[in-house]
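Per the numbering used here, the sequence shown starts with residue 20, numbered consecutively.
This report refers to the structure that appears directly beneath it.
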Amino acid sequence: MRGLQGKGVLITGGSRGIGQATARRFLEEGARVFICGLEQDEVEHTIQTLSALGDIHGQVCDVSIEQQAQQLVEEAERQLDGIDILIDNAGIAWEEPFLETTSEHWDKIISVNLRGMFLIARETANRMVARGKGGAIVLMSSKNGLAGEVKYAHYNASKGAVIMLMKTMALELGPHGIRVNALCPGYILTPLAQSIDSPEFIAAYVNNIPLGRLGRPEDVASAYAFLASDDAAFMHGAELLIDGGQLAQ
Ligand code: NDP
Numbered sequence: 020m021r022g023l024q025g026k027g028v029l030i031t032g033g034s035r036g037i038g039q040a041t042a043r044r045f046l047e048e049g050a051r052v053f054i055c056g057l058e059q060d061e062v063e064h065t066i067q068t069l070s071a072l073g074d075i076h077g078q079v080c081d082v083s084i085e086q087q088a089q090q091l092v093e094e095a096e097r098q099l100d101g102i103d104i105l106i107d108n109a110g111i112a113w114e115e116p117f118l119e120t121t122s123e124h125w126d127k128i129i130s131v132n133l134r135g136m137f138l139i140a141r142e143t144a145n146r147m148v149a150r151g152k153g154g155a156i157v158l159m160s161s162k163n164g165l166a167g168e169v170k171y172a173h174y175n176a177s178k179g180a181v182i183m184l185m186k187t188m189a190l191e192l193g194p195h196g197i198r199v200n201a202l203c204p205g206y207i208l209t210p211l212a213q214s215i216d217s218p219e220f221i222a223a224y225v226n227n228i229p230l231g232r233l234g235r236p237e238d239v240a241s242a243y244a245f246l247a248s249d250d251a252a253f254m255h256g257a258e259l260l261i262d263g264g265q266l267a268q
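This is the structure in structure tokens:
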């Protein structure tokens, strides 16, 4: 991809799953990477595993806590000598029938997937504007931000809201040379997905996907890299669906 060499990239939720594959991809493209996750062990393990590929640092951070989000962005900017690209990826999910959804569970999902995404994006965008060199921000939405799925009311609501957050950011940040887009993946086989669904469910799910397979973290990492690169220089305010054709039905 054009324009990623030497760039400073902050990836939230970079210690596992899609975020970890994305950290790997950006390192392979010659970028410098700063990751965060919730668990110290996971963050350290990822840094250790990927450090042979290039310059990678990271720390523990709960993105939904304002002070931690501010401190993360401050430290990432210091380590990277400026953040050029934000991959706002951290998120959580679990299934729960709508009629049984508790307000505590609702608040938790919204707090990480929407408030956390907003906090990291606002802190990073402020620093990008102050630095005056533009940048690229990609927010993680989901296929479920575009179409409903049973037992995911809180998750779907959070991911739909991320798309409107992205569009509003695009309107306000475009004049500063900061491109903002969102990714909408379908079912990607990651620890998150495997923690929710049984192997039997996953096998049956594939029948809904015209390409006949689930997504891989690397598929999403490619899309993140594309949206952040100069190859997507005129993409702004857009949501990119990457679901093997599932929503085409
Ligand atoms: P994983 O559970 O595999 O990884 C989630 C990552 O986010 C981990 O690094 C985790 O850290 C981190 N994280 C979770 N909560 C917080 C928090 N409060 N603060 C900081 N970091 C946090 O998930 P996926 O890779 O599957 O998902 C990544 C993103 O992609 C999410 O936003 C998800 O909603 C979205 N997505 C996933 C799809 C899928 O099918 N897998 C489909 C569409 C979208 P730790 O490991 O330390 O807990």
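The C-beta atom is built at its ideal place from N, Cα and C for all residues, glycine as well.
On a predicted model such as this, the values are computed, not experimentally measured, just so you know.
The closest heavy atom of the ligand NDP lies less than 6 angstroms from the beta carbon of Ile-111.
Ile-128 is not a Cβ neighbour of Asp-107, given a cutoff of 7 angstroms. Asn-200: member of the beta strand (DSSP E) spanning 197-204, first to last residue. Taking non-hydrogen atoms of the ligand NDP into account, the C-beta of Ala-212 is found less than 6 angstroms away from one of them. The ligand NDP never approaches Ile-128 closely enough for any of its heavy atoms to be under 6 angstroms from the residue's Cβ.
C-alpha of Gln-86 to C-alpha of Val-52: approximately 22 angstroms in a straight line. In the DSSP assignment, Arg-43 falls within the alpha helix (DSSP H) that extends over 36-47. Between the ligand NDP and the CB of Val-52, the shortest heavy atom gap is not smaller than 6 angstroms.
In this structure, the ligand NDP has a non-hydrogen atom nearer than 6 angstroms to the beta-carbon of Glu-61. Burial check for Val-92: the Cβ neighbour count within 10 Å reaches 16 or more, so the residue is buried. Met-183 sits exposed, since fewer than 16 C-beta atoms from the chains shown fall within 10 Å of its C-beta. For Phe-253, there is no enclosing beta strand (DSSP E), since its DSSP letter is neither H nor E. Remark: three or more beta-carbon pairs, one from each stretch, lie closer than 8 angstroms, so the stretch 232-245 and the stretch 31-44 are flagged as touching. With contacts defined as CB atoms closer than 7 angstroms, Leu-208 and Val-199 fail to qualify as a contacting pair.
Cβ neighbours of Leu-230 within its own chain (closer than 7 angstroms, five residues either side excluded): Gly-263 and Gly-264. Between the ligand NDP and the CB of Pro-218, the shortest heavy atom gap is not smaller than 6 angstroms. Boundaries of the alpha helix (DSSP H) around Arg-141: 136-150. Each residue's CA atom was taken as its position, placing Val-82 and Ala-223 some 34 angstroms apart.
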